[in-house]
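Asker:
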Amino acid sequence: MESNQEASRRSETRSIETGYSKDVSKEIANTCADAGISLVASLPDDWIAMTIATFEQDDRFNHVPVNREESALGLCSGAFLSGTGSAALMGASGLMTLVYAITKINYTYEIPIFIMITQRGSFDDGAKFHVSNGLYLEDVMKSIDLPYTIIKNRDEIPMIGEAYRHSRKISRPTIALLPKKLLQGQI
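Using our numbering, the first residue of the sequence shown is number 1, and each one after it goes up by one.
See the structure below:
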């Protein structure tokens, strides 16, 4: 059976081959560490495979791969209650599946959680099955008053730390969207 370390190295190699930037992933990890995040729960998405591998290989983080978005939400919510800084990392469609859990658990009990998601469904996303994310994601976040920021270029990566701290200040979830071109180091 393949270990998490072996799987993350394989994902890293595949990400490099498909044009995703190791440097950007390291900047994201450094920003998270500087903000006080030490636990990252993730679900796979091709766009963030390099970022997941970076968290997995970085000793500053406890990385927990999960098989359901609700597991990431529960883990990070519990981490907050224990005083541990945490982040969930997933695809945009994963966030769409969490609307009920976020509004029922995190909003009701004012449990902050920070989630980084891919900005799937954008014009540069070649996957037709993500079109609905591009059409509805921002409207869904706005409809439930879910604060979010789009990290438009590398100079804005420090906004990840700001979004994390903002979630703690307002005792609510916050989202950082990661566009494809950012993750590829093109912007």
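Just so it is clear, CB atoms sit at the ideal spot from N, CA and C, and this is done for glycine as well.
Bear in mind that the values here come from a model prediction, so they are computed numbers and not experimental data.
Name the DSSP bridge partner or partners of Ile150?
Answerer: The partner list for Ile150 (beta bridge, DSSP) reads Leu177.
Asker: Do the segment 42-50 and the segment 16-30 make contact, defined as three or more Cβ pairs closer than 8 Å?
Answerer: yes
Asker: For a test of the three-state rule: what should DSSP assign to Asn106, helix, strand or coil?
Answerer: Three-state result, Asn106: helix.
Asker: DSSP three-state label for Leu89, please.
Answerer: strand
Asker: Could you tell me which of Met90, Pro158, Pro173 and Ser42 sits nearest to Tyr109, measuring between CA atoms?
Answerer: Pro173
Asker: Is Gly161 buried or exposed, if buried means 16 or more other CB atoms sit within 10 Å of its CB?
Answerer: buried
Asker: In whole angstroms, give me the CA-to-CA distance for Gln186 and Leu177.
Answerer: 16 Å
Asker: Put Asn67 into one of helix, strand or coil per three-state DSSP.
Answerer: coil
Asker: Have a look at Ile41 and Cys76 and give me their C-alpha separation to the nearest angstrom.
Answerer: The displayed chain sequence assigns Ala, not Ile, to residue 41. Each residue's Cα considered, the two are about 7 Å apart.
Asker: Measure the alpha-carbon distance for Gly85 versus Val66 and round it to whole angstroms.
Answerer: Near 17 Å, if we compare the C-alpha coordinates of Val66 and Gly85.
Asker: So, is Ser167 buried or exposed, given that buried needs 16 or more other C-beta atoms within 10 angstroms?
Answerer: Buried, because 16 or more other Cβ atoms sit within 10 Å of the Cβ of Ser167.
Asker: Does the separation of the CB atoms of Asn153 and Leu182 fall below 8 Å?
Answerer: yes
Asker: In terms of residues, what are the limits of the beta strand (DSSP E) holding Ser38?
Answerer: Ile37 to Ser42
Asker: With DSSP as the reference, label Ile117 as helix, strand or coil.
Answerer: strand
Asker: Would you call the CB atoms of Ser93 and Arg68 closer than 8 Å?
Answerer: no
Asker: Give me, in chain order, the residues of the same chain whose beta-carbon lies closer than 6 Å to that of Leu39; leave out the 5 immediate sequence neighbours on both sides.
Answerer: Asn62, Ala79, Thr84 and Ser86
Asker: Decide if Leu137 is buried, meaning its Cβ has at least 16 other Cβ atoms within 10 Å, or exposed.
Answerer: buried
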